[in-house]
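A.B. asks: First the structure, then my questions, so here it is.
Protein chains: 4
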Amino acid sequence: MIKIAVVGATGYAGAELVRILTGHPEASLVLITSRQYAGKPFAEIYPAMTGVVDLKCIPCDVDTVSGAADFVFTALPHKVAMGVVPGLLERGAKVIDLSADFRFKDSAVYEKWYQSHEASALLEAAAYGLPEINFELIQKSSLIGNPGCYPTSAILPLAPFMKENLIDLDSIIVDSKSGVSGAGRSLSLAAHFCEVHEGLRAYKVAAHRHTPEMEEVLSNLAGRTVPITFTPHLVPVSRGMLTTIYADLCGDVSHDIVYDLLASYYKDKPFVRILSPGRVPDTLHVRGANYCDIGFRIDKRANRLILVSVIDNLVKGASGQAVQNMNIMAGLPETTGLSACPFPV
Amino acid sequence: MIKIAVVGATGYAGAELVRILTGHPEASLVLITSRQYAGKPFAEIYPAMTGVVDLKCIPCDVDTVSGAADFVFTALPHKVAMGVVPGLLERGAKVIDLSADFRFKDSAVYEKWYQSHEASALLEAAAYGLPEINFELIQKSSLIGNPGCYPTSAILPLAPFMKENLIDLDSIIVDSKSGVSGAGRSLSLAAHFCEVHEGLRAYKVAAHRHTPEMEEVLSNLAGRTVPITFTPHLVPVSRGMLTTIYADLCGDVSHDIVYDLLASYYKDKPFVRILSPGRVPDTLHVRGANYCDIGFRIDKRANRLILVSVIDNLVKGASGQAVQNMNIMAGLPETTGLSACPFPV
Amino acid sequence: MIKIAVVGATGYAGAELVRILTGHPEASLVLITSRQYAGKPFAEIYPAMTGVVDLKCIPCDVDTVSGAADFVFTALPHKVAMGVVPGLLERGAKVIDLSADFRFKDSAVYEKWYQSHEASALLEAAAYGLPEINFELIQKSSLIGNPGCYPTSAILPLAPFMKENLIDLDSIIVDSKSGVSGAGRSLSLAAHFCEVHEGLRAYKVAAHRHTPEMEEVLSNLAGRTVPITFTPHLVPVSRGMLTTIYADLCGDVSHDIVYDLLASYYKDKPFVRILSPGRVPDTLHVRGANYCDIGFRIDKRANRLILVSVIDNLVKGASGQAVQNMNIMAGLPETTGLSACPFPV
Amino acid sequence: MIKIAVVGATGYAGAELVRILTGHPEASLVLITSRQYAGKPFAEIYPAMTGVVDLKCIPCDVDTVSGAADFVFTALPHKVAMGVVPGLLERGAKVIDLSADFRFKDSAVYEKWYQSHEASALLEAAAYGLPEINFELIQKSSLIGNPGCYPTSAILPLAPFMKENLIDLDSIIVDSKSGVSGAGRSLSLAAHFCEVHEGLRAYKVAAHRHTPEMEEVLSNLAGRTVPITFTPHLVPVSRGMLTTIYADLCGDVSHDIVYDLLASYYKDKPFVRILSPGRVPDTLHVRGANYCDIGFRIDKRANRLILVSVIDNLVKGASGQAVQNMNIMAGLPETTGLSACPFPV
C-alpha cells in the first residue's frame with residue numbers, strides 16, 4: 131500500500147482527493163492537514179464522510195508529512211504551495227501539486243500572470259501532469275504540476291491538432307462554462323447562492339490566468355506560439371465544465387478526418403471518450419468521473435471546426451487527474467481507483 | 131384602450147404575453163385562444179394568475195379573433211402561424227407573430243431551414259420586429275415578424291459594427307447559452323428536470339435555424355454577406371440567455387472606441403444598457419425585464435473583440451419585445467407597460 | 131406623492147423594497163442608506179437596477195432620514211433597528227420596521243429569544259403588521275413591526291381557526307421549507323452555492339426565533355395560549371416558502387366547512403387566495419408577488435387537518451407586506467403598487 | 131461471480147441498478163431488458179456509461195432472463211411486475227422486485243390503494259426488503275418486495291420506537307421532501323424543468339400510496355395498528371429525500387434516551403448513521419450513497435419528538451437497497467459493492 135498525505139484537505143479539491151483516495155485499492159490515506167480546521171475530525175467538516183474517513187486534520191509540518199507519506203498531494207492556494215513543496219521533495223516525498231505553482235516551464239510567464247516565484251529552480255524538473263500528453267515525463271518525475279481545470283478541458287480536444295496543419299493555430303477561441311465548485315469553498319458574493327442561482331455570467335474575459343497555461347502547453351506541442359482567446363463563464367451547477375472551441379480549418383477537412391484524428395490520438399487513453407459525429411457531450415455524463423468526453427462538428431459554411439469537451443472540474447479537472455498522475459508515478463494502471471461508473475442522473 | 135388577442139396563449143411565450151399585457155396601461159386583453167385547453171379558464175392552466183386573469187381559452191377562429199381585437203399576437207408553432215396570419219390581416223387586424231414565419235425577406239432561406247412557405251406574399255410587407263434597428267418600418271407595418279431569442283441577443287451587440295470597418299465581418303462567432311424555457315412547454319426528454327439539472331450541453335452545433343435569421347439581418351445592415359458560426363447551449367436555468375460573440379478587430383481599436391460606438395448607437399434606446407468596460411453582464415440583472423445588457427472586452431493579445439449580451443429569453447427574447455413592437459405600431463411610448471424594475475435576486 | 135426612505139437598502143429585503151417602491155404610483159423613493167456601501171450608487175450594488183434607480187447610498191443619520199421622508203422602512207439587523215427607530219419616530223416619521231424588534235407585545239418573550247430590548251417602551255404602540263388580521267391597528271399606528279416570513283406563512287392559514295373550535299389548539303405543528311434568500315446577503319457557508327445546491331436540510335429544529343412570534347399572535351387571536359412545534363428547512367431555491375401545517379380536528383369536520391371558513395375569512399383580502407379542494411399551492415405561483423396561496427386537505431383516517439401555504443419570502447414574507455402596511459397607514463388601497471401579475475414560470 | 135439480470139433497465143431505478151452492479155466485485159451483469167429501447171445499446175440511452183456498460187437492451191422474455199441469471203432485479207411499473215415475477219421464480223431465479231407489487235402481506239390493502247393483484251399467492255413468501263429490520267427473512271427468501279423510497283425514509287427512524295412506549299403511536303406525522311428523480315423518467319408536466327425549478331409543492335396530500343406501506347410495516351413492528359399522516363413534497367433537486375417526523379412523547383424523555391435507543395438499535399447496521407444531538411442531516415451528505423442519516427430533537431415545550439432522516443431516493447430509496455438485499459440473499463457482506471465514499475459536494 132502506498133502511503134498518502136493530503137496537504138490542504140478541506141477545500142473542495144482536497145476533499146475530493148480524500149473521497150477518491152478512500153476508494154483506492156493500492157493507496158492508504160494516512161495524514162491530512164488543514165490550517166483552518168487543525169485538530170478537527172475531517173468528518174466534522176464533511177459530514178458526508180462520517181464512518182468512511184476517520185482522520186483528524188493536523189497542521190502542515192513538512193517533517194511530519196514527509197515522514198508519514200510516500201506521496202503528498204498539495205491542494206493549497208497559489209504561492210502557499212511553493213513554500214511547502216521544496217521541503218517535501220528534499221525529504222524524499224513525491225509531490226503532486228494542484229496549485230499553479232509548478233505548471234509553467236517559464237517562470238517569467240508565471241510571474242507575469244501570478245506573482246513572484248520563490249521555487250523556480252524546481253520548474254525544470256516538474257512535469258505538467260496531463261497524462262494523455264505527458265505520460266513519460268510524469269512517470270519519471272518526483273514533482274507534478276497538476277493542470278488547471280480550464281486548461282485540461284481545452285488542451286485535450288486541441289492537442290491532436292497541434293501538428294496536423296488542419297486548423298489555423300492563430301484562430302483558436304476557447305469559450306468555457308464552469309460549475310461553481312471551481313471557485314472553491316472560500317466565501318464570496320460571487321459564490322453566494324442567490325447571486326448565482328438562475329444567473330449566467332462571463333468573468334475575467336480575456337484576462338483569466340489559465341490562458342498562459344493553455345498557451346504554453348499547446349505551443350510546446352505545436353512547436354510554435356499558439357495564442358488563445360479565452361472566456362470563462364459561471365453557470366449554476368456545482369460540478370461540471372463544458373468548453374466550446376472554435377478554430378478556422380485549413381482547406382477542405384471532412385468529419386471523418388477529424389473523427390479519425392481524435393479517435394486515433396486517444397486510442398489507448400482510458401479517460402478520453404471521443405463521441406461519434408452527431409453526438410454532443412453533456413457534463414451530466416461525466417459527473418463524478420474522470421472522463422473527458424469530446425465531440426465536434428464542422429461549420430461547413432464558415433469552414434470552421436467546433437470542438438466541445440466536458441469534464442467534472444473536480445475530478446478530471448483537479449483531483450481525479452491528480453490521482454491518475456500518482457498511479458502513473460507509482461507504476462500502477464492509470465485507472466486504479468478511478469473507474470467508478472458515472473451516474474445515470 | 132387597445133383591444134388585444136393572444137392566439138396560442140398557453141405556451142410559455144403566450145403566457146408571458148398574457149402576464150405583460152395584464153399590466154399594460156393602454157391595452158386590454160380581451161381574448162385568448164388555445165387548441166389544447168379550449169374551454170378552460172386560463173388561471174387553471176397557470177394558477178399563478180388566479181384572480182389576475184379571468185379569461186377562458188377559446189379555439190382560434192379568425193373571424194372571432196379579428197372581430198374582437200385591434201392587435202393580435204400569434205404565439206404558434208412555425209408553419210401553424212402562416213395558416214392563421216393572412217386571415218387576420220385581411221380582416222383588418224394588426225399582427226405580431228412570434229414564430230419564424232414572417233422573419234425572413236427571402237422565402238428561399240426560410241424554405242431551406244424550415245419548410246415550404248404558404249404565405250410568402252406577405253414577407254415583403256412584414257417588418258422584422260427588432261425595434262432598436264427597425265423602428266420606422268415597424269411603425270408603418272401591419273405585420274411584424276418578431277425576432278428569435280438568439281438573434282435578438284446576437285444582433286443587438288453586433289449591429290453597431292456592421293458599417294464601421296472595425297471588425298472583420300467574416301470572423302464572427304456567436305456562442306450562446308440559454309435557459310430551458312426557450313424550449314417551450316411541450317414535453318421532451320431534453321427538458322425533463324433530471325436530464326437538465328446539473329447538466330450543460332451544446333445542441334444543434336452549427337445547425338440551428340436561428341443562424342440564417344442572424345445572417346439576413348446583419349447582412350442587410352452591413353450591405354454585404356455576413357456569415358455567422360453559431361453554437362447554442364442549454365444551461366439549467368428557467369429564464370435567461372447569455373451570448374458571447376467573438377470577432378477579429380481590424381487594426382488598432384481601443385476600448386474607448388468600442389464603448390463610444392455602442393453607447394452612441396443605443397443612446398436613445400431605453401432597453402439597451404451598455405456596460406462600462408470592466409463590468410460584465412449577468413442574466414440575473416435582466417430576469418423578467420425587457421433589457422438587453424451589453425458588455426465587451428478587447429483581447430489585446432489576439433486583437434479580437436469579445437461582446438457579451440444578456441436578455442431574458444421570454445421577455446426581450448420574445449413577449450416583451452412583441453409588446454414593444456405593439457407600442458410602436460400603436461404610437462405609444464416604447465416602454466409602455468414594460469418598465470417594471472428588475473428583481474435584485 | 132409620499133416621500134420614502136429605506137434604511138438598510140442593500141440587503142435582500144432592502145433591495146426588494148427599492149424594487150417595489152420604484153414601481154409604486156403614489157410613493158417616491160427619496161433616500162436610501164447603507165453602512166457598508168455608503169457613497170456608492172445603488173445600481174453599482176444591484177446592477178439589475180441600472181437606469182431604474184439613480185440614488186446613491188448614504189450613511190444612516192436620523193435627522194437626515196426623517197427630514198427627507200414621510201415614511202421610513204428600516205431593514206436592519208435585529209438590535210440595530212431598535213437603536214434607530216425611536217429617533218425617527220420622535221422626529222415625526224412613520225416607521226415600518228422589518229426586524230423582529232417591534233413584533234412582540236411582551237418584551238420578556240423578545241428578550242428570551244433574542245437579546246435585551248432597549249426601546250421596549252415603544253412595543254405597546256407598535257402594530258404587528260399582518261394586515262389581514264390587524265388592519266385597524268395598522269391604520270392608526272406610527273410604528274409597524276413587520277412580520278417574519280415564517281410567521282406570515284403560518285399565521286395566515288391558521289388564523290381563521292383560532293376561534294372556531296374546529297382544531298385542537300394544542301396539536302399544531304408547522305413544517306416550513308424556505309428558499310435561500312431568507313438567509314440574507316451576508317456570506318456564510320450555509321448559503322455558499324455548492325453547500326446548498328442539490329441539498330435539503332432542516333435547521334434550528336424546535337429552536338427557531340420565529341416560534342414565539344407565531345405563538346404570541348395566534349394566542350392573541352385565540353384568547354388562550356397556542357403552542358407551536360416549528361421546524362424550518364432550507365431548500366435550494368432563491369425565493370419561495372412553503373409551509374405545511376398539521377392539526378388534529380375536533381369531531382367531524384368536512385372539506386366544505388374548512389373551505390367555507392377560509393374563503394369567508396379572507397373574502398375581502400386581495401392577497402390571500404384560497405384554493406379549492408384538490409388544488410395544491412406551489413411557490414412558483416407566487417414568485418415575485420404579494421400573494422399567500424392556501425390549500426388544505428383533511429386526513430380522514432387520522433382526522434387531522436393539513437394546511438399548505440406558499441408565499442414569496444421576500445414579498446409577502448417581507449418587503450411586499452411592508453409596502454402593504456404603508457399603503458394602509460397612508461390611506462391608500464392596500465394593493466397600490468403591489469398588483470403585478472405573477473410570472474407563468 | 132453471481133450472474134445478474136435487470137428487467138426494466140432504462141428507467142432511473144433500473145439505470146441506477148446498472149451503475150451500482152457495474153462496480154460490484156461479486157456480481158456480473160449479464161442481461162438487461164427494456165421494452166422501449168429493445169435492440170439499443172444501453173450506453174446510447176445513458177451516454178454517461180459509454181465504455182463502462184457494453185450490454186444491449188433486449189425485450190423481456192422470462193425463459194431467457196431466468197436462463198441467464200441467478201438473480202433478477204425487476205424495475206417495472208406496478209402491475210407489470212406481477213406479470214413477470216411468478217415466471218422468473220418458477221424457473222429458479224431469485225427476484226428482487228422494485229415495484230409495490232410484493233411489498234404487502236395483505237392483498238386487500240394493496241388492492242385498495244393500487245389495483246387488483248394477480249399474483250397474491252406469492253405475497254406470503256415474499257420478504258419486505260428493508261434489511262435493517264428484516265434481515266433474517268430476506269436471507270431465506272427468494273422474492274423480495276423492495277421498499278418504497280418514502281417508507282424507507284420514514285420506517286428507519288421510527289422502527290426503534292415501535293416497542294418502547296416512548297411515543298404516542300397514534301400521533302405520528304410524516305412530512306417528506308423528495309427530489310424529482312423519484313418521479314421517474316416518464317415525461318410529465320410535473321417533471322418538466324421550468325415547472326419544477328424554483329418551485330416547491332406538496333402533492334397527494336394524505337393520499338399517497340406509500341402511506342399503507344409505512345403503516346403495515348410499522349404496525350407489524352408495534353404489534354398494533356399504527357396510523358400515519360403523510361404529506362410528500364417535491365423540491366427541485368435531482369436526488370435526495372428528507373423526511374421530518376413528528377410524534378408526541380409519552381412522559382419525560384431526554385435527548386440521551388432517544389440517542390441511545392437509536393444508536394443501539396442501529397449499532398451493527400452499516401448504512402444507518404445516527405447523528406449526535408445538535409447535528410442535522412442533509413441530503414447532500416448521502417448523495418449517491420446507500421446511507422440513511424438520522425438526526426432528532428425534542429421540542430421540550432410541546433413534549434414532541436422530531437426525527438429527521440435523509441436518503442438518496444435512488445440508492446437507499448431504491449437500487450442501493452435492492453443490491454443490499456441481493457448481498458444478504460447471496461450470503462455476501464451487506465456492504466459489498468455499496469461502500470463508495472459520498473461526495474463532499
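Residue numbers (our numbering), protein chains in the order written: chain E, 131 to 475; chain H, 131 to 475; chain Z, 131 to 475; chain G, 131 to 475.
We put the CB at the ideal spot given by N, CA and C, even for glycine.
Taking only beta-carbon positions, decide if residue 267/G is within less than 8 Å of chain E.
C.D. replies: no
A.B. asks: Does any C-beta atom of chain G lie closer than 8 Å to the C-beta of residue 147/H?
C.D. replies: no
A.B. asks: Can you list, in chain order, the residues of the stretch 403-420 of chain G whose Cβ is nearer than 9 Å to any Cβ on chain Z?
C.D. replies: For the stretch 403-420 of chain G, the beta-carbon criterion of a distance under 9 Å to any beta-carbon of chain Z is satisfied by 410, 411, 412, 413, 414, 415, 417.
A.B. asks: Spell out whether any CB of chain G is found under 8 Å from the CB atom of residue 333/Z.
C.D. replies: yes
A.B. asks: Skipping 5 residues on each side, what residues in its chain have a beta carbon closer than 8 Å to that of residue 270/H?
C.D. replies: 257
A.B. asks: Go ahead and pull the three-state DSSP assignment for residue 227/E.
C.D. replies: Here residue 227/E sits in strand by DSSP.
A.B. asks: Please list the terminal residues of the continuous beta strand (DSSP E) segment that includes residue 274/Z.
C.D. replies: 273-275
A.B. asks: Closer than 8 Å, CB to CB, is residue 303/H near chain E or not?
C.D. replies: yes
A.B. asks: Is the separation between the beta-carbon of residue 313/G and that of residue 228/G shorter than 8 Å?
C.D. replies: no
A.B. asks: Would you mind telling me which residues of chain E sit closer than 9 Å to residue 376/H, beta carbon to beta carbon, in chain order?
C.D. replies: In chain order, 303, 305, 359, 361, 376 make up the part of chain E whose C-beta sits under 9 Å from the C-beta of residue 376/H.
A.B. asks: How many angstroms separate the CA atom of residue 181/Z from the CA atom of residue 173/Z?
C.D. replies: 8 Å
A.B. asks: Return the CA-CA distance between residue 452/G and residue 145/H, expressed in angstroms with no decimal places.
C.D. replies: It is roughly 44 Å from the alpha-carbon of residue 452/G to the alpha-carbon of residue 145/H.
A.B. asks: Roughly how far, in whole angstroms, is the beta-carbon of residue 436/E from the beta-carbon of residue 383/E, given that I think they are within contact range, below 8 Å?
C.D. replies: About 12 Å separates the two Cβ atoms, so there is no contact after all.
A.B. asks: Run the CB neighbour count on residue 362/E, radius 10 Å, all protein chains shown included, and call it buried at 16 or more, exposed below.
C.D. replies: buried
A.B. asks: According to DSSP, is residue 244/E part of a helix, a strand, or is it coil?
C.D. replies: coil
A.B. asks: Does the beta carbon of residue 470/H sit closer than 8 Å to a beta carbon anywhere in chain Z?
C.D. replies: yes
A.B. asks: Determine, using beta carbons only, whether residue 440/G and residue 415/G come nearer to each other than 8 Å.
C.D. replies: yes
A.B. asks: Based on Cα-Cα distance, which residue from 404/G, 357/G, 475/G, 332/G lies nearest to residue 410/Z?
C.D. replies: Residue 410/Z has its Cα closest to that of 332/G, out of 404/G, 357/G, 475/G, 332/G.
A.B. asks: Of all the CB atoms in chain Z, is at least one closer than 8 Å to the CB of residue 373/H?
C.D. replies: No, its Cβ sits nowhere closer than 8 Å to a Cβ of chain Z.
A.B. asks: Which residue wins for smallest C-alpha separation from residue 471/H, given the options 134/Z, 178/Z, 195/Z, 163/Z?
C.D. replies: 178/Z
A.B. asks: Could you tell me which of 368/E, 318/E, 340/E sits nearest to residue 326/Z, measuring between CA atoms?
C.D. replies: The shortest Cα separation from residue 326/Z among 368/E, 318/E, 340/E belongs to 368/E.
A.B. asks: Are the stretch 390-408 of chain E and the stretch 370-380 of chain E touching, with three or more C-beta to C-beta distances below 8 Å?
C.D. replies: no
A.B. asks: Between the Cα of residue 459/Z and those of 364/Z, 157/Z, 152/Z, 141/Z, spot the shortest distance and give me the residue it belongs to.
C.D. replies: 157/Z
A.B. asks: For the pair the stretch 280-292 of chain G and the stretch 333-347 of chain G, tell me if three or more CB-CB distances fall below 8 Å.
C.D. replies: yes
A.B. asks: Please name the residue or residues paired with residue 363/H in a DSSP beta bridge.
C.D. replies: 307/H, 332/H
A.B. asks: Let's see if you can read the secondary structure: which residues bound the beta strand (DSSP E) around residue 403/E?
C.D. replies: For residue 403/E, the enclosing beta strand (DSSP E) covers residues 402-404.
A.B. asks: Residues of chain Z with CB closer than 9 Å to the CB of residue 239/H, please, in chain order.
C.D. replies: Neighbours of residue 239/H in chain Z, taken as residues whose beta carbon is under 9 Å from its own, are absent, since the nearest beta carbon is some 32 Å off.
A.B. asks: Which residue comes first and which comes last in the beta strand (DSSP E) that contains residue 425/E?
C.D. replies: That run of the beta strand (DSSP E) goes 422-429.
A.B. asks: In chain order, what residues of the same chain lie with their CB nearer than 8 Å to the CB of residue 328/H, ignoring the 5 residues before and after it?
C.D. replies: 366
A.B. asks: Given that residue 326/E touches chain Z, what residues does it touch there, using C-beta distances under 8 Å?
C.D. replies: In chain order: 323.
A.B. asks: Shorter than 8 Å from the beta carbon of residue 169/Z to some beta carbon of chain H?
C.D. replies: no
A.B. asks: Who pairs with residue 412/G in a beta bridge, going by DSSP?
C.D. replies: 331/Z
A.B. asks: Just to confirm, is the Cβ distance from residue 168/E to residue 196/E under 8 Å?
C.D. replies: no
A.B. asks: Report yes or no: is there a C-beta of chain G within less than 8 Å of the C-beta of residue 152/E?
C.D. replies: At least one chain G Cβ lies under 8 Å of residue 152/E.
A.B. asks: How many Å lie between residue 176/E and residue 418/G at the Cα?
C.D. replies: Rounded to the nearest angstrom, the gap between the Cα atoms of residue 176/E and residue 418/G is 15 Å.
A.B. asks: In whole angstroms, give me the CA-to-CA distance for residue 421/G and residue 372/H.
C.D. replies: Those two C-alpha atoms are separated by around 39 Å.
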